[in-house]
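> Read in our numbering, the sequence shown has 174 at position 166, and its numbers run on one by one without any break.
Sharing a structure here in C-alpha cells format.
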Amino acid sequence: MIRPDGTAMPQFEEDGSDHQTGDYGGPVAQILFLPISPELAEKIKSHGDVAEASGLKPLEFEVPPGAEFKFTRFGMLRLDPVSYCGFCGAVYDYEVDECPRCLAKNQWYCGKCDALQKKPIIDTILATPDKDQKIIKIVPHLQKWAWRIAENLPGKWGFYSIQARCPECEKTDPRGLKNVECTGKMQSEEIFTFYDLQIGSERHRILDYKLNKPISG
Ligand SMILES: [Zn+2]
Ligand SMILES: [Zn+2]
C-alpha cells in the first residue's frame, strides 16, 4: 500500500515478517501487487506464515482520496491424480495409460521367453478390510477401472493388485511376468490464490494460479 505522501507499507518486510493490512486505518493512495519472489516466500515461511512464490505481474490500483477500500486474500490447494512418463517427463490424464508424447507405457517381461509380452494373462486381486482376498478376471481394456468394478461387487471388496502371467508359457510352465515400469500415477498440486480488492464501488478479483511440480504419491 502506498500512502498519499508516497511512502510505502509493504505487507511483507524484506525479512518476511507480515503486516496485517487491517492494522492501518489511515489514508491510502495506491495499492500495488508485487509478485512474491521465491526468496521472500522462504523468509515468510520461516515466520510460520503460508507463502508461495508467485508469477503474477505487478498490478497497480489507484485509490481516489477518501474512497473506502477493503482487501482480502484467500488461498486454495487442489490435488488431482495424474499420470506421468518416466522417459520424457510428460504429465497427462490419469485415465490414459500410454504417454501421449513419447508413447511409453508399462510393459510386461517374461524371463523364460526373454521377451516383452503384449497380451499378458492378468488376474486382478481384490481384498477386503479384513484381509480376505479373491481373484477375478477383468477384460484388458476395463482393467484400469478395476477399483470401480471391485467397489460395485457385493461385499467390501477393493482393488488390491494384479498378477500377470506369460501367455506363451501358460500351458507348459506358468510364469509370472515382471512389470517394466515406465509411467506412474501421482498427485498434481495446484495452488490458487484469490485476491479480492474493493475500492469504493469497484471490485477487483485477481486470481493467481500455480502448478507445482507434481509430487509422487
Ligand atoms: Zn513420455
Ligand atoms: Zn514366457
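C-beta atoms are modelled at their ideal positions from N, C-alpha and C, and glycine is treated no differently.
From a predicted model like this one, the values you see are computed outputs, not experimental measurements.
Look at the Cβ atom of Ser196, then the Cβ atom of Val71, and state whether they are nearer than 8 Å.
Cβ atoms of Ser196 and Val71: not closer than 8 Å.
> Please classify Trp155 as buried or exposed, where buried requires at least 16 other C-beta atoms within 10 Å of its C-beta.
Trp155 comes out exposed.
> Ile223: buried (16+ other C-beta within 10 angstroms of its C-beta) or exposed?
Any reading at Ile223 must be qualified, since the residue scores a pLDDT of 47, below 50, and its modelled position is unreliable; the value itself is stated next. The residue is exposed, with fewer than 16 neighbouring Cβ atoms inside 10 Å.
> Would you call Thr44 buried or exposed, if buried means 16 or more other Cβ atoms sit within 10 Å of its Cβ?
First, the residue type needs correcting, since residue 44 is Ile and not Thr in the sequence shown. Looking at its Cβ environment, which holds 16 or more other Cβ atoms inside 10 Å, Ile44 is buried.
> Please state whether the Cβ-Cβ distance between Lys113 and Cys107 is less than 8 Å.
In contact: Lys113 and Cys107 (Cβ atoms closer than 8 Å).
> For Ser62, count neighbouring C-beta atoms within 10 Å of its own C-beta (all shown protein chains included) and say buried if the count is 16 or more, exposed if not.
buried
> Under 7 Å from any heavy atom of ligand 2, does the C-beta of Cys107 make it?
no
> Comparing C-alpha positions only, which one of Ile10, Pro148, Asp138 and Leu48 sits nearest to Glu68?
Ile10
> Using 8 Å as the threshold, is the C-beta distance between Lys193 and Pro128 below it?
No, the pair does not count as a contact, with Cβ atoms beyond the cut-off.
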